[in-house]
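Read the structure below first, then the notes.
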Amino acid sequence: MTLPNTPGEQGGRPKRRTFTAEYKLRIVAEYDAAKATGEGAAILRREGLYHSHILEWRAARDAGALTRLGARKSPVGEGRRRSAEAAELERLRRRNERLETDLARTKTALEIMGKAHALLETLSESADDTPRPGRRR
């Protein structure tokens with residue numbers, strides 16, 4: 000005998016839960032406050048959440064995505080898309096910094112090479128003008 004609330008009895012898959020921005024902000028704040036006392040896991044159990052929910056919601060809050068309290072429910076995958084965009088943005092920032100460092104190093108090397116070339120030309124010209132000891136003309 001199956002219970003009436005099981006997915007098989009309903010004839011389909013269980014419906015995915017959605018959370019409002021207000022709920023997410025409240026839970027993240029409550030979790031952060033309780034984490035200091037070691038009660039964060041109790042909140043997750045009580046609400047039926049995973050730690051990954053907290054991490055995702057905290058990142059969204061820090062990015063400003065949860066500032067519209069209760070404006071609308073987040074579509075499925077929106078948080079993942081934003082976190083993927085944030086990760087891509089961070090990757091591009093690091094790459095840009097690395098390329099700027101390489102460019103500065105290359106400019107410095109070219110500047111040094113130009114000065115070395117000018118010095119060698121000056122030395123070569125002065126060597127042509129002065130007679131060399133040991134040779135008589």
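Numbering-wise, the sequence shown is residues 0 to 136 according to numbering that gives the first Met the number 0. Cβ atoms here follow ideal geometry from the backbone N, Cα and C, with glycine treated the same way.
Asked, Found
"I111 classed as buried or exposed, judged by whether at least 16 other C-beta atoms fall within 10 angstroms", "exposed"
"Contacts around G69, its chain only, beta-carbon distance under 8 Å, and the 5 residues preceding and following it disregarded", "Because G69 sits at a pLDDT of 46, beneath the cut-off of 50, its placement in the model cannot be relied upon, and the point is left open."
"Option nearest L54 by Cα separation, candidates A32, G63, V27", "V27"
"Reduced DSSP secondary structure (H/G/I, E/B, other) of K114", "helix"
"A64 beta carbon less than 9 Å from that of R44", "no"
"Terminal residues of the alpha helix (DSSP H) in which L43 lies", "39-46"
"Distance, Y30 Cα to H52 Cα", "11 Å"
"Where the alpha helix (DSSP H) through A35 begins and ends", "Careful: A35 lies outside any alpha helix (DSSP H) and carries neither H nor E."
"Under 9 Å between C-beta atoms of K23 and W56", "yes"
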